[in-house]
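Asks:
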């Protein structure tokens with residue numbers, strides 16, 4: 001029976017793809033994804049049927065992938081990062097109850113960015129997406145407040161996009177009520193793929209112009225510090 | 001110049017290792033790790049110098065790895081999951097300022113477990129370790145409370161260990177003050193490797209005896225639901 005693979009390809013650089021993700025993509029007849037993601041794995045998909053659509057076409061893509069499996073073709077639908085976190089696993093499980101599904105996990109942007117910044121995510125951490133397309137802004141604000149109060153390391157996804165340029169400023173203002181202005185912050189653009197750029201700064205000195213929709217913002221906890229332009233969060237070991 | 005690679009090998013099954021992690025391990029002369037982790041990658045390290053020590057030997061291992069690099073040998077020190085989150089990247093950056101370091105990210109247990117449970121981690125989420133060896137229990141309790149209040153999906157690491165058998169019970173009691181008893185919960189033992197077992201249950205029906213130190217506990221948010229023994233957290237798409 002044909003199967004649907006929901007595959008996280010990691011941040012984009014093929015060096016960060018898992019063995020399982022590569023093998024699944026190579027074995028599928030059909031590959032479905034957002035145009036930009038398909039471009040990232042173009043070396044793995046020559047000769048396959050490729051279905052790509054533009055931004056915000058997520059549900060359309062899921063439906064097309066499910067239909068391909070119903071037609072008898074092993075199919076993979078790809079997300080960057082992990083296939084679950086803000087990815088395609090959810091809608092597939094919501095809509096595809098009659099087909100067999102395997103989710104293949106991948107490296108999410110928080111960990112890819114962390115690896116480029118040193119060791120900022122060494123302790124309890126959370127991810128928060130600032131996209132309010134499907135989540136009320138009040139819910140997002142409450143999560144930011146709770147994460148700041150709980151002294152979590154915070155990885156902010158979708159800090160900015162068309163029409164939402166000041167969400168990241170609002171988020172930082174909330175965090176500043178609970179965390180020192182000198183808290184280390186890492187901004188990583190195109191983490192784990194071509195075009196990679198990073199800035200190590202502090203909560204009160206963020207260059208908001210640097211941040212775009214391809215940037216992950218990593219905010220340290222109350223114990224994080226900057227050393228040689230890397231961010232380190234101690235776990236608590238006696239050294 | 002020799003270099004130290006801090007490598008996350010993922011959950012343990014070699015299918016979940018990234019290409020970069022595999023290539024780094026294969027190219028290093030020396031491999032350092034906790035005995036159990038070394039066993040997981042034994043097929044990749046034949047012929048290498050292997051330095052392994054027991055549990056709680058983390059700092060000893062880091063020092064030995066740094067010394068090997070100072071002696072001129074390309075060396076990797078391995079963690080399961082990601083190399084940052086609760087891993088070895090922190091102590092290495094704290095102690096090894098004179099050597100070159102590359103952190104290689106890996107699939108952390110939360111994402112591996114999520115992939116086996118369906119799509120529980122589709123929205124803002126956090127990880128909390130219940131180990132109070134290096135973190136005061138009051139800090140951990142506060143984080144649990146904040147995560148529950150903020151309606152984060154919660155991945156609990158180190159839910160139990162020798163001498164700390166009731167931490168997970170205390171954590172669940174705190175979460176139950178903020179979240180419905182029918183909230184879906186996934187317990188995954190040995191996620192992503194041999195011996196994998198999972199249980200899908202609810203917050204008020206957890207079988208605490210199933211949980212051991214190799215188990216990740218995943219707690220859904222207020223929108224999560226159970227379907228065909230999988231956990232699904234909607235992102236909010238109109239389907």
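Protein chains in written order, with full-length UniProt numbering: chain A, 1 to 239; chain B, 1 to 239.
Glycine included, C-beta positions come from ideal geometry on N, C-alpha and C.
Please read all numbers here as calculations on a predicted model, not as lab measurements.
Counting contacts by CB-CB distance shorter than 7 Å, is residue 240 of chain B in contact with chain A?
Replies: Nothing about residue 240 of chain B can be read from this structure; chain B reaches only from 1 to 239.
Asks: Considering only residues of the same chain and omitting the five flanking positions on each side of residue 242 of chain B, which have a CB-CB separation below 7 Å?
Replies: With chain B covering 1 to 239 only, the question about residue 242 of chain B has no answer from this structure.
Asks: Following the continuous alpha helix (DSSP H) through residue 35 of chain B, name the residue where it begins and the one where it ends.
Replies: Unbroken alpha helix (DSSP H) run through residue 35 of chain B: 35-40.
Asks: Would you say residue 107 of chain B faces chain A, with C-beta separation under 7 Å as the test?
Replies: yes
Asks: Ordered along the chain, which non-local residues of its own chain (more than five positions away) have a Cβ less than 6 Å from that of residue 72 of chain A?
Replies: 2
Asks: Hey, residue 188 of chain A and residue 216 of chain A are a contact pair by Cβ (cut 8 Å); roughly how many whole angstroms apart?
Replies: 5 Å
Asks: Scan the segment 64-105 of chain B and note each continuous alpha helix (DSSP H) run of 4 residues or more that stays entirely inside, going in chain order.
Replies: 89-95
Asks: Measure the CB-CB distance between residue 81 of chain A and residue 52 of chain A and report whether it falls below 7 Å.
Replies: no
Asks: Is it buried or exposed, residue 122 of chain A, if we count other Cβ atoms within 10 angstroms and call 16 or more buried?
Replies: By the neighbour-count criterion, in which a residue is buried when 16 or more other Cβ atoms sit within 10 angstroms of its Cβ, residue 122 of chain A is buried.
Asks: Can you check the segment 133-194 of chain A for any alpha helix (DSSP H) of at least 4 residues that lies completely inside it and give the ranges in chain order?
Replies: The qualifying runs are 137-149 and 167-176.
Asks: Which residue wins for smallest C-alpha separation from residue 112 of chain A, given the options B:126, B:84 and B:110?
Replies: B:84
Asks: Does DSSP classify residue 15 of chain B as helix, strand or coil?
Replies: helix
Asks: List, in order along the chain, the chain A residues whose C-beta lies closer than 8 Å to that of residue 16 of chain B?
Replies: 18, 19, 20 and 105
Asks: In three-state terms, what does DSSP make of residue 25 of chain B?
Replies: helix
Asks: 7 Å is my cut-off, CB to CB: does residue 91 of chain A come that close to chain B?
Replies: Yes - at least one Cβ of chain B is within 7 Å of the one on residue 91 of chain A.
Asks: In chain B, which residues lie with their C-beta within 9 Å of the C-beta of residue 7 of chain A?
Replies: Simply none; closest approach about 10 Å.
Asks: Should residue 43 of chain A go down as buried or exposed, given a rule of 16 or more other Cβ atoms within 10 Å for buried?
Replies: Exposed, since its Cβ has fewer than 16 Cβ neighbours within 10 Å.
Asks: Leaving out the 5 sequence neighbours to the left and right, which residues in its chain are closer than 8 Å to residue 66 of chain A when beta-carbon positions are compared?
Replies: Closer than 8 Å at the Cβ level, and outside the excluded window around residue 66 of chain A, lie 4, 92, 95, 96 and 99.
Asks: What do you get for residue 35 of chain A, buried or exposed, if any count of 16 or more other CB atoms within 10 angstroms of its CB means buried?
Replies: exposed
Asks: Taking only the alpha-carbon atoms, compute the straight-line gap between residue 159 of chain A and residue 146 of chain A and give it to the nearest angstrom.
Replies: 18 Å
Asks: Using only the alpha-carbon positions, how far apart do residue 31 of chain A and residue 104 of chain A sit?
Replies: 14 Å
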